[in-house]
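Numbering (mature numbering (1 follows the signal peptide of the UniProt record, and there is no 0)), first residue to last: -22 to -1, 1 to 468.
Ideal Cβ positions, reconstructed from N, Cα and C, are used throughout, including at glycine.
Predicted model only: the values in this text are computed from it and were never measured.
This report concerns only the one structure given below.
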């Protein structure tokens, strides 16, 4: 009898393990995002001064490609350096759009509004990516608009290395940046606000950040010998204020941060990771990301782990596992360095797209990791080392829904009604539906997501049409309606 119990227990354990593996192998919901960087024309537009028609064509090519190969989210850089890829009442048009800062597109259009509409047509989310402190990129060569804030309020800025930055130690900086973020949240239908790793700038050897005067004037309880703590508090205050601003306008809108991959090294803090990073969030960028997670000041974290599995001083596996244990119940998406793929790299791991595949497989084994964000879009447009096909074949064979937004309290749509006209499926449009998910079940297989679309119809190809189909309507918070009636195609 005892042996029989052991056999049953073993069978149950194997069954449970297989179930978990199946879920992780092809999750129904997963963040699959790509950063579209506009600073210095990294990703889009390919160069400044393109016609409006060319700009739109290039952006559509990006979105079509990303949708085709399984992505469901775009992180779109709208404010690279106190400038705008949208029609801002406060900051000038970006130099990387027209070639001249302050020069509007001609004919006039709003790139952010266009990007939002095109993403939503494809049932993709758009997270508006903004840089809080960078004000002038490569300031020695930059020609700023006369109305740029570095010209109208020069006392708010510091020069460090090759760039100019807002002075984080000034209360006016927090108020100004919060105003800019609030304007975008209020006027645009973005799905989230996103900051990357640029808080205090990365340290330059033998060059001190020039904020001693600000520390003297604004250091308060931290003056005179706790400048590091004061700098961290400056960033804490701006993060909290920005989150408060976002939530006061749209309580359901997530605020996400993509920090540098290493919070702290274990050698200086027992809570840190087993890494030997030369710079870290807490000690060098003054970004206490864990505090923001604990205090609910941010809604997701996407650490940039742009290193390979096995790197001695910063091992992807070690760092991903550390964030898995330290995300404080918030969604955790891993920032992955697709840009590093290069057959001539000195690091053999990057000679094949398999390095990214291995990383995604590792992510899926981690309970609190909910997907990936890839830097950057150009790597997929160029299809570095066949990364698109590798992801689709190995990891993104089926589309994935967005993760549910726990902040969203909108109504769940009603159940659609599905019908068939020849080789076309059609269903009734539902109020409160942001998009629709078409499910398909083939013989001897589980039901899978077949298509995610903003439309209310789907043309089927005869060769791939056999199966049972159903549809659900999905709201802005990514909650599904009940399932439609089934259509069986034999």
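Exposed unless 16 or more other CB atoms sit within 10 angstroms - verdict on residue i
i, result
"residue 411", "buried"
"residue 101", "buried"
"residue 459", "buried"
"residue 437", "exposed"
"residue 462", "buried"
"residue 201", "exposed"
"residue 152", "buried"
"residue 160", "buried"
"residue 342", "buried"
"residue -2", "Confidence is the limiting factor: at residue -2 the pLDDT is only 36, short of 50, which leaves the residue's position unreliable and the question unanswerable from this model."
"residue 112", "buried"
"residue 79", "buried"
"residue 442", "exposed"
"residue 1", "With a pLDDT of 39 at residue 1, under the threshold of 50, the predicted position of this residue should be treated as unreliable, and no value is reported."
"residue 453", "buried"
"residue 466", "exposed"
"residue 31", "exposed"
"residue 444", "exposed"
"residue 229", "exposed"
"residue 387", "exposed"
"residue 256", "exposed"
Residue from the options whose Cα sits closest to the Cα of residue i
i, options, result
"residue 197", "186, 210 and 185", "210"
"residue 288", "271, 437 and 325", "325"
"residue 358", "186, 10, 98 and 5", "10"
"residue 318", "281, 361 and 302", "361"
"residue 19", "49, 5 and 63", "63"
"residue 394", "372, 417 and 384", "417"
"residue 450", "369, 365, 112 and 391", "391"
"residue 190", "283, 233, 146 and 285", "146"
"residue 172", "137, 192 and 103", "103"
"residue 88", "286, 98, 66 and 125", "66"
"residue 55", "91, 43, 30 and 370", "91"
"residue 5", "426, 444 and 452", "426"
"residue 320", "329, 314, 313 and 312", "329"
"residue 242", "430, 406, 265 and 30", "265"
"residue 150", "110, 445 and 353", "110"
"residue 370", "406, 354, 398 and 331", "331"
"residue 39", "141, 118, 76 and 93", "93"
"residue 248", "234, 207 and 300", "300"
"residue 313", "163, 333 and 238", "238"
"residue 337", "297, 268 and 260", "297"
"residue 117", "130, 421, 137 and 108", "137"
"residue 97", "14, 77, 188 and 250", "14"
Supposed contact pair residue j and residue i - C-beta distance, whole angstroms, cut 8 Å
i, j, result
"residue 127", "residue 82", "Wrong, their Cβ atoms sit about 18 Å apart, outside the cutoff."
"residue 8", "residue 292", "Between residue 292 and residue 8 the Cβ distance is about 25 Å, and since that is not below 8 Å, they are no contact."
"residue 105", "residue 51", "7 Å"
"residue 373", "residue 53", "Not quite, the Cβ-Cβ distance comes to about 19 Å (not below 8 Å), so this is no contact."
"residue 258", "residue 240", "5 Å"
"residue 434", "residue 413", "Actually they are not in contact, since the Cβ atoms of residue 434 and residue 413 sit about 10 Å apart, beyond 8 Å."
"residue 401", "residue 348", "Incorrect: roughly 36 Å between the Cβ atoms, too far for contact."
"residue 302", "residue 346", "5 Å"
Residue interval of the alpha helix (DSSP H) (run including residue i)
i, result
"residue 75", "73 to 76"
"residue 460", "Counting along the chain, residue 460 falls outside any alpha helix (DSSP H), and DSSP gives it neither H nor E."
"residue 328", "Counting along the chain, residue 328 falls outside any alpha helix (DSSP H), and DSSP gives it neither H nor E."
"residue 356", "355 to 359"
"residue 187", "Note, residue 187: premise wrong, no alpha helix (DSSP H); not H, not E."
"residue 367", "365 to 372"
"residue 470", "An answer regarding residue 470 cannot be provided, because it is not within the stretch -22 to 468 covered by the chain."
"residue 39", "30 to 46"
Residue(s) in a DSSP beta bridge with residue i
i, result
"residue 141", "138"
"residue 426", "418"
"residue 51", "11 and 103"
"residue 234", "172 and 278"
"residue 97", "None; residue 97 has no bridge partner."
"residue 114", "142"
"residue 397", "404"
"residue 56", "The partner list for residue 56 (beta bridge, DSSP) is empty, contrary to what the question assumes."
"residue 62", "71"
"residue 243", "251"
"residue 108", "57"
"residue 283", "314"
"residue 379", "7"
"residue 431", "414"
Start and end residues, beta strand (DSSP E) containing residue i
i, result
"residue 300", "Counting along the chain, residue 300 falls outside any beta strand (DSSP E), though it belongs to the alpha helix (DSSP H) covering 294 to 303."
"residue 448", "445 to 452"
"residue 316", "First-last for residue 316: undefined, no H or E at that position."
"residue 207", "That residue, residue 207, is in no beta strand (DSSP E); its alpha helix (DSSP H) goes 205 to 227."
"residue 182", "Taken as a continuous stretch (DSSP letters only), residue 182 belongs to no beta strand (DSSP E), as it is neither H nor E."
"residue 437", "435 to 437"
"residue 348", "347 to 352"
"residue 466", "465 to 467"
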